[in-house]
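Asks:
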Amino acid sequence: MSDLRNPLQRARGLGSAKSGANHWWMQRMTAVALVVLGIWFVITLLSLMHADFATAHATLAKPWNAVLMIAFTTSMFWHAQLGLQVVIEDYVHTRWLEVSLMVLVKLLAVLFALACALAVLRVALGA
65 MSDLRNPLQR ARGLGSAKSG ANHWWMQRMT AVALVVLGIW FVITLLSLMH
115 ADFATAHATL AKPWNAVLMI AFTTSMFWHA QLGLQVVIED YVHTRWLEVS
165 LMVLVKLLAV LFALACALAV LRVALGA
């Protein structure tokens with residue numbers, strides 16, 4: 065039997081399980097956020113280059129700086145988790161090890177993002 069479908073119709077059933085595009089977009093969105101927030105972070109660090117601890121503490125305690133720092137660390141750990149997920153999916157071929165590493169990476173990303181957010185909030189709220 066010959067297949068009467070055109071090549072585009074044959075190809076539409078191939079590829080990802082309709083979830084790869086979301087992962088790709090999230091990686092790009094976190095990358096764009098990291099570029100913008102990274103510029104803010106570098107400018108802030110350069111402005112604090114010769115400052116003392118009290119000045120650095122007061123700078124991070126400002127509401128906008130605290131919010132931007134939390135956004136920066138959260139997007140950084142989210143982007144790292146997405147990137148490590150791709151590496152694990154591509155290079156780890158033992159299913160139980162792949163699943164274990166994926167769970168570990170996601171758990172560590174959430175744990176470290178929460179630890180960073182807590183540290184920033186403690187500085188910002190004066191605790």
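For the sequence shown, this note's numbering begins at 65 and goes up steadily by one.
Cβ atoms here follow ideal geometry from the backbone N, Cα and C, with glycine treated the same way.
Using the Cβ count rule (16 or more neighbours within 10 Å means buried), how would you classify Ser139?
Replies: Within the sequence shown, numbered from 1, the residue matching residue 139 stands at position 75. Under this definition Ser139 is a buried residue.
Asks: Sorted by chain position, which residues of the same chain lie with C-beta nearer than 8 Å to Ala181's C-beta, five sequence neighbours on each side aside?
Replies: To locate residue 181, count along the sequence shown from 1; it is residue 117. Answer for Ala181: Ile134, Thr137 and Thr138, listed in chain order.
Asks: Could you tell me the boundaries of the alpha helix (DSSP H) in which Lys170 lies?
Replies: Sequence index remark: in the sequence shown, residue 170 carries index 106 (1-based). Segment Arg159 to Ala188, the alpha helix (DSSP H) holding Lys170.
Asks: Can you tell which of Gly102, Ser164, Val100 and Thr123 has its C-alpha closest to the C-alpha of Ser111?
Replies: Taking the first residue of the sequence shown as position 1, residue 111 is located at position 47. Residue Thr123 is the option with its Cα nearest to Ser111.
Asks: In whole angstroms, what is the alpha-carbon distance linking Ile107 and Val163?
Replies: Position 43 of the sequence shown, counted from the first residue, corresponds to residue 107. Position 99 of the sequence shown, counted from the first residue, corresponds to residue 163. Rounded to whole angstroms, Ile107 to Val163 spans 39 Å at the Cα level.
Asks: So, Phe141 versus Ala177, is the Cβ gap smaller than 8 Å?
Replies: Translated into positions along the sequence shown, residue 141 becomes position 77. Translated into positions along the sequence shown, residue 177 becomes position 113. Yes, these two residues count as a Cβ contact at 8 Å.
Asks: Let's see if you can read the secondary structure: which residues bound the alpha helix (DSSP H) around Ala125?
Replies: Numbered from its first residue, the sequence shown carries residue 125 at position 61. Annotation for Ala125: the continuous alpha helix (DSSP H) segment containing it runs Phe117 to Ala125.
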